[in-house]
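Below is one structure, written out as structure tokens; comments come after it.
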Amino acid sequence: MKTYFDLTGRSALVTGAGAGIGAAVSEALAAAGASVLVTDMSGDAAAAVAERINTAGGKADSAALDVSDRDAAVAAAAQAAALGEGKLHIVVNNAGVTSPAMFPKLTDETFRLTFDIHVMGTFHVTQSALPHMPTDGTARVINVTSAAGITGTLGQVNYSAAKAGLIGFTKSLARELAPKNIMVNALAPLAATPMTETIRTNEKFAANMMNRIPLKRWAEADEVAGAFVFMASDAASYITGQVLPVDGGMVM
1 MKTYFDLTGR SALVTGAGAG IGAAVSEALA AAGASVLVTD MSGDAAAAVA
51 ERINTAGGKA DSAALDVSDR DAAVAAAAQA AALGEGKLHI VVNNAGVTSP
101 AMFPKLTDET FRLTFDIHVM GTFHVTQSAL PHMPTDGTAR VINVTSAAGI
151 TGTLGQVNYS AAKAGLIGFT KSLARELAPK NIMVNALAPL AATPMTETIR
201 TNEKFAANMM NRIPLKRWAE ADEVAGAFVF MASDAASYIT GQVLPVDGGM
251 VM
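Reminder that position 220 of the sequence shown reads as 220 in my numbering, one-by-one numbering, no gaps.
This is the structure in structure tokens:
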């Protein structure tokens, strides 16, 4: 029987991977056999995750990466491809930032920052990775969106707009890259991470979120990481242009 989830021999680049979902995804991809470049704004945080992977018997390298910096994205893509003998098979655009505020209190700065990281960052990293991606059916671009981008959410107009933009990005790029046999999909995960701490600890925001989650709890980061392995694997070889919610039933 075919080993659908074996990523041995494939390389991966994960952004925003110094903690939370990005770290869990990096470790899960490595456990499935991929060689992973762990990147984060904090080079120290990325190095710590890579060290955990290597200590556990996997293969990983790390780099400091500000995804809003195109030159840095180009360098990271080349570094990740070096882990795969010149090929970069899996790109996980996970880097993100959130600045929750009710609409009248949003500022130009927080709105632009959200777009620079989520949308422009995904653009920079994906475009930089594309020349290294093979056309044999093993290449995957996995973008991290959110239920906020599908249904909207209280106090997050900037974040919701950016995440909705990533859905359009995903679907359009999937159509463009399908002739090259490169799959492009998005996941919409929900987990208790440092990025969601403000929402989870704000009484008003937290109550609103819990009312929307049928399972009535936040996932741990490693609970959602398996969905990324699925999308990166041969099990998803005929899936492209899709958005998969991994959110306890919030979007159904």
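Using N, Cα and C, we set each Cβ at its ideal position, and we do this for glycine too.
Quick check: residue i and residue j, are their CB atoms within less than 9 Å of each other?
| i | j | result |
| --- | --- | --- |
| residue 236 | residue 181 | no |
| residue 26 | residue 56 | no |
| residue 38 | residue 18 | yes |
| residue 15 | residue 67 | yes |
| residue 173 | residue 135 | no |
| residue 21 | residue 251 | no |
| residue 184 | residue 240 | yes |
| residue 7 | residue 233 | yes |
| residue 164 | residue 190 | no |
| residue 226 | residue 28 | yes |
| residue 192 | residue 148 | no |
| residue 77 | residue 131 | yes |
| residue 216 | residue 155 | no |
Measuring alpha carbon to alpha carbon, tell me which residue in the options is nearest residue i.
| i | options | result |
| --- | --- | --- |
| residue 117 | 133, 103, 94, 105 | 94 |
| residue 188 | 96, 90, 38 | 96 |
| residue 79 | 215, 128, 8 | 128 |
| residue 33 | 23, 52, 5 | 5 |
| residue 153 | 108, 207, 58 | 207 |
| residue 53 | 73, 23, 71 | 23 |
| residue 86 | 238, 120, 13, 216 | 13 |
| residue 59 | 73, 71, 228, 31 | 31 |
| residue 71 | 45, 91, 121 | 121 |
| residue 62 | 73, 202, 46 | 46 |
| residue 228 | 48, 92, 73 | 92 |
Once DSSP output is grouped into helix, strand and coil, what is the label at residue i?
| i | result |
| --- | --- |
| residue 59 | strand |
| residue 117 | helix |
| residue 210 | helix |
| residue 150 | helix |
| residue 90 | strand |
| residue 141 | strand |
| residue 32 | coil |
| residue 49 | helix |
| residue 11 | strand |
| residue 194 | helix |
| residue 44 | helix |
| residue 185 | strand |
| residue 37 | strand |
| residue 80 | helix |
| residue 100 | coil |
Taking all protein chains shown into account, decide if residue i is buried (16 or more other Cβ within 10 angstroms of its Cβ) or exposed.
| i | result |
| --- | --- |
| residue 133 | buried |
| residue 145 | buried |
| residue 10 | buried |
| residue 123 | buried |
| residue 245 | buried |
| residue 42 | exposed |
| residue 231 | buried |
| residue 210 | exposed |
| residue 178 | exposed |
| residue 108 | exposed |
| residue 103 | exposed |
| residue 201 | exposed |
By Cβ distance below 7 Å, which residues in the same chain neighbour residue i in space, the five residues on each side in sequence not counted?
| i | result |
| --- | --- |
| residue 114 | 97, 99, 158, 159, 162 |
| residue 199 | 100, 205, 206, 209 |
| residue 106 | 157, 158 |
| residue 81 | 11, 87, 88, 132 |
Report all residues from its chain with a CB closer than 8 Å to the CB of residue i; omit the five preceding and five following residues, and keep chain order.
| i | result |
| --- | --- |
| residue 186 | 142, 143, 144, 145, 166, 167, 170, 242, 243, 244 |
| residue 69 | 124 |
| residue 119 | 162, 165, 166, 169 |
For residue i, which residues from the same chain have a beta carbon less than 6 Å from its beta carbon, with the 5 sequence-adjacent residues on both sides left out?
| i | result |
| --- | --- |
| residue 89 | 10, 11, 138, 139 |
| residue 64 | 43 |
| residue 212 | 250 |
| residue 194 | 19, 20 |
| residue 176 | none |
With a threshold of 8 Å (Cβ to nearest heavy atom), would residue i be considered close to the ligand GTP?
| i | result |
| --- | --- |
| residue 174 | No copy of the ligand GTP appears in this structure; indeed no ligand is present at all. |
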